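Chemist: Numbering (my numbering), first residue to last: 12 to 193. Ideal placement from N, C-alpha and C gives every residue a C-beta, glycine not left out. Please read all numbers here as calculations on a predicted model, not as lab measurements. Below you'll find the structure I mean.
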């Protein structure tokens, strides 16, 4: 059983985010873990999770990397080419009052006031599932808050990095960021 976060604690992002935080709290207790050098990294839903964690982690992480993550659920709903996930996961459009919790409590942009940790953001220019604006909004917010941040835009990639050259760029940026911020 994971400890550290109780299910009654109100954490934006819901049970998945509470589980991540509880797992990190337990993981940090292991003797082989350098608890001063922990980062959160994720792509797609994991990228969304990174943006959520950035607003609720309370100092657990030293750095973040998000790849094609959802940052602003309202703007995403209006720009994604795949509404199935938005309608299924969020309950439908943001203007429907019954979905208010999804667009408030589970929306990373609503927790930006607590962002204070370095973040690297990857975004593909041909990602129509998670359009470029999601990464741009997150990067802009980090920059305006004075947070160490970098935006890596891969104009020829979609939700995945498929070309050899761009994979090398991605790897160089990824590992360079970890070396620099951990």
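Could you work out which residue in 181, 138, 153 is closest to residue 119 when comparing CA atoms only?
Modeler: Here residue 119 refers to the residue found at position 108 when the chain shown is read from its first residue. Nearest C-alpha to residue 119: 153.
Chemist: If contacts are defined as beta-carbon pairs under 8 angstroms, then residue 50 and residue 74 qualify, I think. What distance do you get, rounded to the angstrom?
Modeler: Against the chain shown, residue 50 aligns to sequence position 39. Against the chain shown, residue 74 aligns to sequence position 63. Indeed they touch by this definition, with Cβ atoms about 4 angstroms apart.
Chemist: By DSSP, does residue 140 sit in helix, in strand, or in coil?
Modeler: Numbered from its first residue, the chain shown carries residue 140 at position 129. Residue 140 falls in the coil class under three-state DSSP.
Chemist: Does residue 142 pass the burial test, meaning 16 or more other C-beta atoms within 10 Å, or should it be called exposed?
Modeler: On the chain shown, position 131 is the one that residue 142 refers to. It counts as buried.
Chemist: For residue 161, which of helix, strand or coil comes out of DSSP?
Modeler: Along the chain shown, one-based indexing puts residue 161 at 150. Looking at residue 161 - three-state DSSP - the assignment turns out to be strand.
Chemist: Candidates 71, 39, 100: which alpha carbon is nearest residue 59's?
Modeler: Start at 1 with the first residue of the chain shown, and residue 59 comes out as number 48. Cα-wise, what sits closest to residue 59 is 100.
Chemist: Count the CB pairs spanning the stretch 71-90 and the stretch 146-164 that are closer than 8 angstroms, and state whether there are at least three.
Modeler: Touching, yes.
Chemist: Could you tell me how far apart the beta carbons of residue 132 and residue 162 are, in whole angstroms, since I believe they sit closer than 8 angstroms?
Modeler: If you number the chain shown from 1, residue 132 lands on position 121. If you number the chain shown from 1, residue 162 lands on position 151. That pair is a contact at about 5 angstroms.
Chemist: What is the rounded straight-line gap between the Cα of residue 170 and the Cα of residue 44?
Modeler: On the chain shown, position 159 is the one that residue 170 refers to. On the chain shown, position 33 is the one that residue 44 refers to. Rounded to whole angstroms, residue 170 to residue 44 spans 31 angstroms at the Cα level.
Chemist: Out of 167, 35, 39, 36, which one is the CA nearest neighbour of residue 137?
Modeler: Counted from its first residue, the chain shown places residue 137 at position 126. Closest option to residue 137, Cα to Cα, is 167.
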